[in-house]
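Just so we're aligned, residue 168 is where the sequence shown starts under my numbering, counting upward by one. To start, the structure under review is shown below, and the notes come after it.
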Amino acid sequence: MHICFVSPRPSSSDGIFGVEPLRIPPLGLLILASLTPDTVKVDVFDEHLEELPDLSTYDLVGMTCSTAASTRAYEIADHCKNLGVRVALGGCHPSLLPEEALGHADFVFVGPAERTWPQFISEFAADSARRLYSDTKLGRLLNLPLPDFSKVARLAPRYGTMNVALSSLGCSHRCAFCTVYASSGIGFRPRPIEDVVRDLKPMSGQFVWFVDDNLYCNREYALRLFRAIEPLQLTWLNQASISIGHDLDTLVAAKRSGCISLLIGLESLSARSLRASRKTCNVPDEYRSCVDAIRGEGIGVEAAFIFGFDEEDEGVFETTLGFCYDADVELAHFSILTPFPGTSFYARCLREERLLKQEWRYFDGFHVVFKPALMSAERLLRGFREAYQEFYRPEAIARRRRRAVQPAWYFSAINRDYGVLGRSADSGGG
Ligand code: SF4
Numbered sequence: 168m169h170i171c172f173v174s175p176r177p178s179s180s181d182g183i184f185g186v187e188p189l190r191i192p193p194l195g196l197l198i199l200a201s202l203t204p205d206t207v208k209v210d211v212f213d214e215h216l217e218e219l220p221d222l223s224t225y226d227l228v229g230m231t232c233s234t235a236a237s238t239r240a241y242e243i244a245d246h247c248k249n250l251g252v253r254v255a256l257g258g259c260h261p262s263l264l265p266e267e268a269l270g271h272a273d274f275v276f277v278g279p280a281e282r283t284w285p286q287f288i289s290e291f292a293a294d295s296a297r298r299l300y301s302d303t304k305l306g307r308l309l310n311l312p313l314p315d316f317s318k319v320a321r322l323a324p325r326y327g328t329m330n331v332a333l334s335s336l337g338c339s340h341r342c343a344f345c346t347v348y349a350s351s352g353i354g355f356r357p358r359p360i361e362d363v364v365r366d367l368k369p370m371s372g373q374f375v376w377f378v379d380d381n382l383y384c385n386r387e388y389a390l391r392l393f394r395a396i397e398p399l400q401l402t403w404l405n406q407a408s409i410s411i412g413h414d415l416d417t418l419v420a421a422k423r424s425g426c427i428s429l430l431i432g433l434e435s436l437s438a439r440s441l442r443a444s445r446k447t448c449n450v451p452d453e454y455r456s457c458v459d460a461i462r463g464e465g466i467g468v469e470a471a472f473i474f475g476f477d478e479e480d481e482g483v484f485e486t487t488l489g490f491c492y493d494a495d496v497e498l499a500h501f502s503i504l505t506p507f508p509g510t511s512f513y514a515r516c517l518r519e520e521r522l523l524k525q526e527w528r529y530f531d532g533f534h535v536v537f538k539p540a541l542m543s544a545e546r547l548l549r550g551f552r553e554a555y556q557e558f559y560r561p562e563a564i565a566r567r568r569r570r571a572v573q574p575a576w577y578f579s580a581i582n583r584d585y586g587v588l589g590r591s592a593d594s595g596g597g
């Protein structure tokens, strides 16, 4: 048997504003490659960086996709159907809309596929595979094998790093706009710490990019993890809730274990917006002290904000940029509120007939696909683009560099990538 795993490229915008930001290997597919028996030949292709091969030579094509990439994934699946090659689809979007995915694929996976894939492969080999496999059980993510990074080694020079790792999946919060909760619905699923340490050992002394959804869901787990990986002398980054800023012990342990930066979903400076979105773990009045505490321990803050909440008018752009400058965050990531299917925000937009676009390829956080409440769609898009242009002006980057607590090499690399986005923000998208 010969399987081809594909990470499909979203087809609407060629990345953000026509620019491809930093890429990292598709960890989920590399784990599935390792979970596939040695008797099966496996190739992995990352369409963001390379052309797809002739798929007609494969017995099965497996893909995972976000909502924005689902249009392209379905194109590939339909192409495979014409070739007589069977297709398995999983990931965030097929988990949200399995019936839709089954219209294009032979097999669909709901929730993480790590536990269902081995069973599927043996049933596929015996020609008795079911069309739908679902894993929505709570519990620790046990027995994940080492990801097979050799499958994409040829792309190493083009990835930001090959050292990608996972200590947990999911999140214990239930924000109304978030696909993490909507697609898994299963809360926080940590991996056994000894498994994480095993994965990280070959990366000792190096930079590691963790792809957890929210590292700071379970304080005890985070503390034990940091203490266990400290001897590996890594430098690493991950995503976490802002509430980690209240927890000095955990911050100290994170720093000692090599944390150089945390991506934090601040989302909005409006308590009303956050309440309406059920993001109750965020308290805007505490943002500044939490950011100061995190940066005070020498950990950089990459602040993620969303524009377009119903409670916010066009003043939001200036207010948000003002906070980013005052708080000296090392990096800011802006996106446009998007009603991803399966979320309660999507249900509300449907009910209120506010959807402006139906094509999933535009559901990427960089297009306006719903009618905002307190500004026009055009104003929202313009404000979003101008925020990137302003924050990533060369002078603004230079000012931030002087105050940054991240290592200079990382600050420069990540701001250079986002700086390219800022300079391109008036030329692409739509
Ligand atoms: S805290 Fe973050 S990851 Fe968790 S549900 Fe909310 S937006 Fe999603």
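Glycine included, every Cβ here is placed at the ideal spot set by N, Cα and C.
Supposed contact pair residue j and residue i - C-beta distance, whole angstroms, cut 8 Å
i, j, result
"Tyr383", "Ser410", "7 Å"
"Ile198", "Pro312", "7 Å"
"Leu541", "Asp480", "4 Å"
"Glu281", "Leu194", "Contact doesn't hold; Cβ gap of about 11 Å is too wide."
"Ile191", "Tyr326", "6 Å"
"Glu464", "Val419", "6 Å"
"Arg552", "Lys538", "Rounded, the Cβ-Cβ distance is 19 Å, inconsistent with contact."
"Val275", "Arg298", "7 Å"
Residue j beta carbon less than 8 Å from that of residue i
i, j, result
"Thr505", "Leu436", "no"
"His169", "Asp226", "yes"
"Phe344", "Ser237", "no"
"His340", "Cys448", "yes"
"Cys338", "Lys446", "no"
"Ala421", "Phe393", "yes"
"Phe355", "Ser335", "yes"
"Ala349", "Leu263", "yes"
"Leu415", "Lys368", "no"
"Val207", "Leu196", "no"
"Leu548", "Val536", "no"
"Ala619", "Phe287", "No statement about residue 619 is possible, as the shown extent of the chain runs from 168 to 597 and does not include it."
"Asp495", "Arg570", "yes"
"Val209", "Val228", "no"
"Thr417", "Leu390", "yes"
"Asp213", "Val375", "no"
"Gly397", "Arg423", "Going by the sequence as given, residue 397 is Glu instead of Gly. Going by C-beta atoms, Glu397 is nearer than 8 Å to Arg423."
"Asp366", "Ala332", "yes"
"Thr283", "Asp302", "yes"
Opening and closing residue of the alpha helix (DSSP H) in which residue i lies
i, result
"Ala238", "Before going further, note that residue 238 is Thr rather than Ala in the sequence given. From DSSP, the alpha helix (DSSP H) with Thr238 extends over Thr234 to Leu250."
"Glu387", "Arg386 to Ile396"
"Val422", "For the record, residue 422 in the displayed sequence is Lys; it is not Val. Run containing Lys422: Leu415 to Arg423, per the alpha helix (DSSP H) assignment."
"Gln400", "Segment: none, Gln400 is in no alpha helix (DSSP H) and carries neither H nor E."
"Trp376", "First-last for Trp376: Phe374 to Phe377, but that is the beta strand (DSSP E), not the alpha helix (DSSP H)."
"Gly482", "It is not in any alpha helix (DSSP H) - Gly482 carries neither H nor E in the DSSP assignment."
"Phe355", "Neither: Phe355 is in no alpha helix (DSSP H) and is coded neither H nor E."
"Ser262", "Cys259 to Leu263"
"Ile411", "Taken as a continuous stretch (DSSP letters only), Ile411 belongs to no alpha helix (DSSP H), as it is neither H nor E."
"Glu562", "Pro561 to Arg570"
"Phe537", "Unbroken run through Phe537: none, as it is neither H nor E."
"Phe287", "Trp284 to Ala292"
"Leu163", "Residue 163 lies beyond the stretch modelled for the chain, which goes from 168 to 597, so this question has no answer here."
"Gly463", "Pro451 to Gly463"
"Phe512", "Ser511 to Arg518"
Opening and closing residue of the beta strand (DSSP E) in which residue i lies
i, result
"Asp362", "Premise fails: Asp362 lies in the alpha helix (DSSP H), Ile360 to Leu367, not in any beta strand (DSSP E)."
"Asp210", "Lys208 to Asp213"
"Ser174", "His169 to Ser174"
"Tyr300", "Leu299 to Ser301"
"Ile503", "Leu498 to Ile503"
"Ile431", "Cys426 to Glu434"
"Ile198", "Unbroken run through Ile198 is the alpha helix (DSSP H), Leu194 to Leu202; no beta strand (DSSP E)."
"Leu441", "No beta strand (DSSP E) holds Leu441; the alpha helix (DSSP H) holding it covers Ala438 to Ala443."
"Phe276", "Phe274 to Val277"
"Met230", "Leu227 to Thr231"
"Gly467", "Gly467 to Phe474"
Cβ-heavy atom distance, residue i to the ligand ATP, below 7 Å
i, result
"Ile409", "For the structure depicted, the ligand ATP is absent and the ligand set comprises only the ligand SF4."
Any chain B beta carbon closer than 8 Å to residue i
i, result
"Arg515", "Structure shown: chain B not included; a single protein chain is present."
Those residues, in chain order, that have a beta-carbon closer than 5 Å to some heavy atom of the ligand SF4:
Cys338, His340, Cys342, Cys345, Val347, Tyr348, Asp380, Asn381 and Gly432
For the 8 Å Cβ check, are there 3 or more pairs between the segment 458 to 477 and the segment 423 to 435?
yes
Taking three-plus beta-carbon pairs below 8 Å as touching, is the segment 352 to 363 in contact with the segment 399 to 407?
no
contact_flag[the segment 493 to 503, the segment 556 to 574] where n(CB pairs < 8 Å) is 3 or more
yes
contact_flag[the segment 172 to 179, the segment 525 to 545] where n(CB pairs < 8 Å) is 3 or more:
yes
Taking one C-beta from the segment 514 to 523 and one from the segment 572 to 585 each time, how about it: are there three or more such pairs within less than 8 Å?
no
Sufficient close CB pairs (3 or more, under 8 Å) joining the segment 243 to 251 to the segment 214 to 232
yes
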